[in-house]
Structures are given as structure tokens and as C-alpha cells.
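One structure is given below, encoded as C-alpha cells.
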Amino acid sequence: MKAKIFASIAVVITGAILLYAVIDFPDFGDPGSPPNAGVPGGAPAASRYYIQNTYRDSKVPNLVTAVLADYRGYDTMFETVVILTAGISIFAILRVVRRDDDPSAPEPVASDRTIDGDHHRIIVGITCRIAAPLIQIFALYVVAHGHYSPGGGFQGGVMLGASFILLALSGSLRETLARFSERDYTRLAFVGILIYAGLGLLPMWVGRNFLDYGALSGLFMTKGEEMARSHSMLGVEIGVAITVMSIMFAMFANLSTRGRLQGGL
Amino acid sequence: MQAFFQEAVIPHFNFWIYVVIMMIGLWSVIAKNNLVKKLIGLSIFQTAILLLYVSLGVKEDATIPVVESGVLAAYKETSATTDKKAAPAIHPDRYANPTPHVLMLTAIVVGVATLGVALALTQMIYKDFGTLEEDEVLQKIKALHEDV
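Each protein sequence line maps, in turn, to chains A and B. First residue of the first sequence? That's 37 in my numbering, and the numbers climb one at a time after it. First residue of the second sequence? That's 3 in my numbering, and the numbers climb one at a time after it.
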């Protein structure tokens, strides 16, 4: 009870200070506000440059993808590394590997729910089995079409991971792990980062800056540097999607089984 | 009172909502005893920040930050006739600010990943102490130290 009273006092004081500060904030939807137009008398906001020049620089109509993968590519690369690190930490915290475990031994009956073993799950299981490939195809579309419509690597990767989680939830984790094993997703998580960093390192080969995709026009056999940027962004997004997919499924598999990767929900 | 609403509240109503959401999250982080409820509060807090950033990029009468095909066609015509550095035909006020969208896009996914780490930690706490109530965990830690 005491904690609640003190918490209420702290929250009311903090909220009052924040609400007082809000009065000086720009109006909602104001195109001339500092984040949208820049500080008065100073340089114009970077977002104005992005909107005006993205199509000239990289022939990508989706400004968000262009800023994510090209202008702020360094930031996005390390955001992906953060996700990989989160996956590694979950592995380090939870994963239980026992050497005496026999992988061919039958699982505990209570938690071993296969579609065949549990008749109540037939409709759900089969529906989700049909839905999962459709979800994956749509996720691939979201990744590949991220230049031209809302989408990209993070969104598509989360959808791909969700399709595996759906399979594990509706069927059994064991069946899903037979198709997408721990070895696979651990490797793929690193492969995604390597695709990103590798595409970033390639321009350094010819003496350009890290992540300066324009230098890759020879590799992608494009006429100008703009299309090389566009193609490199697709490659980078694929790398992000692979890492996000693997880590999302790894997180689910470890959290739902307390690191044993057996039984599951 | 009405003048206060006209000048302070209505143009900034979004920020008022975020402050309220943020304080709900902060309150549950401080006051709740259960660790999972604290995590839920942390997620609510994070949602307020995400909404704050995205709302900073909103422009009145602007559309999503994807250049429309009609504008692209016009842009191609102007860039074909003049040199590459010619004045762009794309008006910045026509599209929402893409920068906050980019920042929050990555922040959402990283938030999910860090939430997973937090859930893993709470699972280990439950495994070791048999409870998720903060005061009981603290009591058990104290008892452990007294035994040593």
C-alpha cells in the first residue's frame, strides 16, 4: 500500500512537469514544426532532404525503406545486431543442454501434443498448416516489395517468424523444430547479419565508404549508381528479415519450453 | 478556462494523451509487485514513446511517405529534360516525415527482442525462487544471505 501511495505521488509530479513542458511543443500536424521543417534560422530538417532527394539518389519511392537501409544504414545494421544479441542472451539465460538427453527418446506425454494425438486440435492444426505458407508468401512479398509499398525487412521478418510460431502453437513445437531446427535458426540469424555487413563491406573493396552502395553498380550490372543503391537495399532488407525471423522463432521456442526445446505450450 | 483549452490543450492533445499513457506505465512499473505486471507497464511506457515520435512526423494534409506514381512520372519528365541537380518536383509538405517512422520501426522490433530477454529473466527468477512477487523474491534473497 505504501508503495502505491508513493508511486502515485511520483507519477502525478512527473506527469505535471511533462504536461507543463508540452505547452512549448509544436502543434499537432504542423508542417513547419522543427522536426518537419528544421529550426527557424538554422539548417532545414534532414527529413526534407530525404523527401526531396530520395528518388533522385536511389530510385526508391518508399522513403521509409530508403532512409532505413541507405541514409541511416549504419543505425539499422546495429539495430539488427541488437536483435541478434537479444537472441544470444535468451540462449545464454534459458537454454538447457543436457548431454545425457537422448534425442530419440519419446517426449513426456502430458506436453506432447501432436495433431494426431489430440483430436480437439485437428481443425485448428490443419487450418494453421494451410495458412502458414500463405503467411510466408505474403511475408516474402512484404520484404521484396518494401521499396514500393509500406513494408521491408523488419515487418516481413516478423511475419515469417510469426508463421513458424503459429505452426508451433497450433501443432507441436517438435514438428516445427524438425523443419526449422535450432541449428538452422542459429545459423540463419548470423547469416542475416553477415549479408548486411558483407554488402556494407563490398564498397570498401573499391575504395568507397562502408555501406556506400553506389559503388556496387558493377556487381549488380546496373547502368547508374541509383539502381545499385536500390538493389543493395533489397539485399540488406533480406538480411534483416532472415535475422529477425530466426530470432523471433528462437525467442518463442526458448521461452515456451524454458530452454529445453521439448514439449512446449 | 476556455482560453487555456484553446491554446494549451487542443493543439497538443496528442502529447496530453501520451503523457497519460506514459504515466500509467510508470505507475505500474513502480507500484505493481508482480514482475510480469511491471513488464506490461514497461511495454505501455514504450508504446507512449513510440506514439510520441510518430506523431511528431505528422503533417496536416500529407500522405504516407511513399512517393505516388503520378508524382514519380512528373519527376521523371523534369529530370529527363534538365540536368540531375535540377529543382526536385517533390514537395516536402506533401508527405509525412519519414524519419520518425524509421526510428520507431526499428524501435518496435528491438522492443520485442528486449521484452523477450526480460521474460527469459523472469522465467529464471521463477525457477530459482518459485515466485514472481517482488517482495517475496527480496525476502528469499535476504534469507539466503543470512544463511551464509
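Glycine included, each C-beta is placed from N, C-alpha and C at the ideal position.
Between residue i and residue j, what straight-line distance do the alpha-carbon atoms span, to the nearest angstrom?
i, j, result
"E70(B)", "V103(A)", "17 angstroms"
"F226(A)", "V133(A)", "21 angstroms"
"N290(A)", "G189(A)", "23 angstroms"
"F131(B)", "M281(A)", "33 angstroms"
"S44(A)", "W29(B)", "7 angstroms"
"D220(A)", "A122(A)", "17 angstroms"
"V47(A)", "L54(B)", "18 angstroms"
"T212(A)", "A175(A)", "18 angstroms"
"F127(A)", "V38(B)", "20 angstroms"
"M263(A)", "H181(A)", "15 angstroms"
"E79(B)", "L52(B)", "38 angstroms"
"P76(A)", "I143(B)", "56 angstroms"
"S45(B)", "G27(B)", "7 angstroms"
"A39(A)", "V58(A)", "28 angstroms"
"L105(B)", "A145(B)", "45 angstroms"
"T90(A)", "P97(A)", "8 angstroms"
"Y97(B)", "I87(A)", "7 angstroms"
"E148(B)", "S125(A)", "31 angstroms"
"R131(A)", "L297(A)", "8 angstroms"
"A10(B)", "V22(B)", "16 angstroms"
"L107(B)", "V150(B)", "48 angstroms"
"P102(B)", "A233(A)", "24 angstroms"
"I92(B)", "P67(B)", "11 angstroms"
"R265(A)", "E138(B)", "56 angstroms"
Taking DSSP's pairing of strands, which residues face residue i in a bridge?
i, result
"T65(B)", "Y97(B)"
"N98(A)", "V68(B)"
"P239(A)", "For P239(A), which the question treats as bridged, DSSP gives no partner whatsoever."
"P80(A)", "G74(A)"
"N36(B)", "E135(B)"
Below 8 angstroms on C-beta distance, what does residue i contact in chain A?
i, result
"S45(B)", "Those within 8 angstroms of S45(B) in chain A number zero; the least Cβ separation is about 15 angstroms."
"F50(B)", "The displayed chain sequence assigns Ala, not Phe, to residue 50(B). Within 8 angstroms Cβ-Cβ: nothing; A50(B) doesn't reach chain A, min ~10 angstroms."
"M126(B)", "I129 and L130"
Using a cut-off of 7 angstroms between C-beta atoms, extract the partners of residue i located in chain A.
i, result
"A5(B)", "In chain order: nothing, as chain A lies at least about 13 angstroms away."
"F17(B)", "V58 and F61"
"G118(B)", "A122, I126, M287 and L291"
"A10(B)", "I59"
Do residue i and residue j have their C-beta atoms within less than 8 angstroms of each other?
i, j, result
"P94(B)", "F64(A)", "no"
"L209(A)", "S94(A)", "no"
"I129(A)", "L134(B)", "no"
"Y77(B)", "A50(B)", "no"
"T116(A)", "I229(A)", "yes"
"F256(A)", "H267(A)", "yes"
"V178(A)", "G187(A)", "yes"
"D106(A)", "M240(A)", "no"
"I171(A)", "F288(A)", "no"
"V276(A)", "G109(A)", "no"
"G250(A)", "E261(A)", "yes"
"I119(A)", "V111(B)", "yes"
"I283(A)", "A115(B)", "yes"
"D217(A)", "V160(A)", "The question names Asp, but residue 217(A) is Ser in the sequence shown. No, the pair does not count as a contact, with Cβ atoms beyond the cut-off."
"P100(B)", "S185(A)", "no"
Below 9 angstroms on C-beta distance, what does residue i contact in chain B?
i, result
"M281(A)", "Those within 9 angstroms of M281(A) in chain B number zero; the least Cβ separation is about 11 angstroms."
Residues of chain B with CB closer than 7 angstroms to the CB of residue i, please, in chain order.
i, result
"L55(A)", "W18 and V21"
"V194(A)", "V111"
"E115(A)", "T108 and V112"
Closer than 8 angstroms by beta-carbon distance: list the chain B residues that pair up with residue i, in chain order.
i, result
"A39(A)", "I32, A33 and N35"
"V27(A)", "Outside the modelled stretch of chain A, which goes from 37 to 301, sits residue 27(A), for which no answer is possible."
"S268(A)", "Here the premise fails: no neighbours, minimum Cβ distance about 17 angstroms."
Relative to chain B, which residues along the stretch 81-113 of chain A have a C-beta separation below 7 angstroms, given in chain order? Residues are counted here when their Cβ sits less than 7 angstroms from a Cβ of chain B; for the stretch 81-113 of chain A these are A82, S83, R84, Y86, I87, Q88, N89, Y91, R92, P97, N98, L99, V100, V103, L104, R108 and T112, given in chain order.
Using a Cβ-Cβ cut-off of less than 7 angstroms, list which residues of the stretch 220-242 of chain A approach chain B; keep chain order. Going along the stretch 220-242 of chain A in chain order, one finds no residue with a Cβ nearer than 7 angstroms to chain B.
Any residues in the stretch 249-262 of chain A with a beta carbon nearer than 8 angstroms to a beta carbon of chain B? Which ones, in chain order? If the cut-off is 8 angstroms between Cβ atoms, the stretch 249-262 of chain A has nothing near chain B.
Contact residues within the stretch 58-72 of chain B, judged by C-beta distance below 9 angstroms to chain A: Of all residues in the stretch 58-72 of chain B, the ones placed with a Cβ closer than 9 angstroms to any Cβ belonging to chain A are L58, G59, V60, K61, E62, D63, A64, I66, P67, V68, V69, E70 and S71, in chain order.
Just by C-beta distance, which residues in the stretch 183-214 of chain A are closer than 9 angstroms to chain B? Result list: Y184, S185, P186, G188, F190, Q191, G193 and V194.
Taking only beta carbons into account, state which residues of the stretch 168-180 of chain A come closer than 9 angstroms to chain B, listed in chain order. If the cut-off is 9 angstroms between Cβ atoms, the stretch 168-180 of chain A has nothing near chain B.
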